[in-house]
Every structure is written in C-alpha cells, then in structure tokens.
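Chemist:
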Amino acid sequence: MARAGGPAGLRDFYEDPGVPVASGDVRSRQQARLLAAALDRPGALVLDVGCGDGTAAAVAGPILAGHRIVGVDWSHDALRRAGPRMSHVVRGEVDGGGLPFADGCADAVLFSEVVEHLVDPDRAMDELRRVLRPGGHLMLSTPNLAAWYNRALLLAGRQPVFSEVSLRGIHGRPGTEVVGHLRLFTARALRSFLRSSGFEDVRVSAAPFHGVPRGLRLIDRAACAVPSAASILLAHARRR
Numbered sequence: 113m114a115r116a117g118g119p120a121g122l123r124d125f126y127e128d129p130g131v132p133v134a135s136g137d138v139r140s141r142q143q144a145r146l147l148a149a150a151l152d153r154p155g156a157l158v159l160d161v162g163c164g165d166g167t168a169a170a171v172a173g174p175i176l177a178g179h180r181i182v183g184v185d186w187s188h189d190a191l192r193r194a195g196p197r198m199s200h201v202v203r204g205e206v207d208g209g210g211l212p213f214a215d216g217c218a219d220a221v222l223f224s225e226v227v228e229h230l231v232d233p234d235r236a237m238d239e240l241r242r243v244l245r246p247g248g249h250l251m252l253s254t255p256n257l258a259a260w261y262n263r264a265l266l267l268a269g270r271q272p273v274f275s276e277v278s279l280r281g282i283h284g285r286p287g288t289e290v291v292g293h294l295r296l297f298t299a300r301a302l303r304s305f306l307r308s309s310g311f312e313d314v315r316v317s318a319a320p321f322h323g324v325p326r327g328l329r330l331i332d333r334a335a336c337a338v339p340s341a342a343s344i345l346l347a348h349a350r351r352r
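In terms of the working numbering, the sequence shown opens at residue 113 and continues consecutively.
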C-alpha cells in the first residue's frame, strides 16, 4: 500500500516503482466486509487514504457497491497506477499539506497499511478525524509487531518481521523487500493510540499476512482467532 509523505529521502524511496504498493487480497476483502456491515445508508463517501496502486480498492469495490470510493495518495507513481482501477483518484497527504477535502465530508476512511510508514502518525490521525463526519468510520490495518512468529524471532535474538533498520537493505530479519516501516504497533498499543486520537468504539480483529511462507499459512490463519498474536491488525473505530 502506498504511503503518506515525509522527508525528501522517504519521498524519493516511495516514488521508486520497485517499492511494493499493494497488500494482500484477503485483508482487503475482510476490511471491506467490516465496513459494508457498518455503513448505515447507501451512497456513503469512502476515502481510501494511501490507496497505492488501487489493488485493494478494486478488491473492495464489489463488496462496497453503492458507495463512492475515492482513492487518495501523495505518490504520483501510485496514482498513475491506481487510475485504471478506480473511478476517482486525488492527490493528497496526511502529514504534510493535508487532504483536499472539507471538514466532516466523509462517511468512512480506509487507512490500510499506511500508519506504519508515517513520520508523524499523530498529525495523520488529526487529519483523518477532520475529514470524517461525527460518528464516521475509520478502518485501519497495520502489521502486528507481536505476531506469533515475531515473538519467536525475538526470543532467538532476531529482528522481527515488518521492522526495518535501513531503507537500503534487509538486516537481521527474514524477507527480501525493504518497504519503509517506521512505526510498529501491538494490538494493545493500537487501541490506546486510536482512543487518544479522538476515536471511540475501537474494535481490533485480525487478518493473515500474504508474505508468510506457504508451509506456515495454516498456522497464520489460525492465529487470526487471537488478534494480539496475528500477523495483521484490523481496527474499526468511530470518530467522536
């Protein structure tokens, strides 16, 4: 999923076409189903903030039929790729110049695997809260620092999956792709962070990680029954 902005070095990193900007379809479908069940009227405005290449919106679109999804990203490259998959795309950012939307205009915001890339997540939450109507829905997903395999890696003295110490290469953890994660959350930290950012009715569920090796995928799916140990955290909250 494409990211919101940051210092010049990070901007250059995220504009690199080789940096992954898509996430797993299972997470996208699960998140869309949760949002579809929560929206109480047709024709809702849903902002997909950090839409990346539009893959997630294309998966969610049929589930959110009858609602208007607008893709938002600060990356020109991401928006170029998202254009064919989404009917509406807009350039904007959450921790820089702000989103090009009026206060309280949106019924829901999808914020999928973006927060872990932000230099200033507090400012981002302020901006998302600004564009949401009172009672509007925030659907946020992010990798879980305390995923079941990360607990084992830490016990073995290894760097956890999803964490990074460099934008130039992988050091001390499994995996081959550098994706620019700056912030990592546990389920407990995510709940606390959202409540302190002006959201209520925070509920955290889970999704599997598409990058888990094939032989471990059954375990990863089973871990979703315990969100605090799952790979991906899915948070649903409402604006106060």
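C-beta: ideal position from N, C-alpha, C; glycine also.
Keep in mind that this is a model prediction, so the values were computed, not measured.
According to DSSP, is residue 344 helix, strand or coil?
Modeler: Of the three classes helix, strand and coil, the one that applies to residue 344 here is strand, per DSSP.
Chemist: For the segment 189-251, which segments carrying the beta strand (DSSP E) assignment without a break, of at least 3 residues, lie completely within its bounds, in sequence order?
Modeler: Qualifying beta strand (DSSP E) stretches, in chain order: 201-203, 218-224.
Chemist: Starting from residue 160 and walking both ways along the beta strand (DSSP E), at which residues does that stretch end?
Modeler: First-last of the beta strand (DSSP E) with residue 160: 157-161.
Chemist: Starting from residue 317, follow its DSSP beta bridges and name the residues at the other end.
Modeler: Per DSSP, 346.
Chemist: What are the start and end residues of each continuous beta strand (DSSP E) run of 3 or more residues lying completely inside the segment 271-344, in chain order?
Modeler: Counting only runs of 3 or more, we get 311-319.
Chemist: For residue 138, name the three-state secondary structure that DSSP assigns.
Modeler: In the structure shown, residue 138 sits in a helix (DSSP, three-state: H, G or I).
Chemist: Verify the CB distance criterion: does residue 313 have a CB-CB separation below 9 Å to chain B?
Modeler: Given the protein chain composition of this structure (a single chain), no chain B is represented.
Chemist: Beta-carbon within less than 7 Å of residue 261's beta-carbon, same chain only, minus the 5 sequence neighbours each way: which residues are those?
Modeler: Correct list, in chain order: 273.
Chemist: How far does the beta strand (DSSP E) with residue 182 in it extend, from its first residue to its last?
Modeler: It spans 180-185 - the beta strand (DSSP E) in which residue 182 sits, taken as one unbroken run.
Chemist: Count the CB pairs spanning the segment 338-351 and the segment 246-263 that are closer than 8 Å, and state whether there are at least three.
Modeler: They touch, by the three-pair rule.
Chemist: Evaluate contact between the segment 284-296 and the segment 210-222, counting only Cβ atoms and requiring at least three cross-stretch pairs below 8 Å.
Modeler: Short answer: they don't touch.
Chemist: Okay, do the segment 245-257 and the segment 326-333 touch, 3+ Cβ pairs below 8 Å being the bar?
Modeler: At 8 Å Cβ cutoff, the stretches do not touch.
Chemist: Taking the continuous alpha helix (DSSP H) assigned at residue 169, which residues delimit it?
Modeler: Its alpha helix (DSSP H) spans residues 167-172.
Chemist: Where does residue 263 fall in DSSP's three states?
Modeler: Here residue 263 sits in helix by DSSP.
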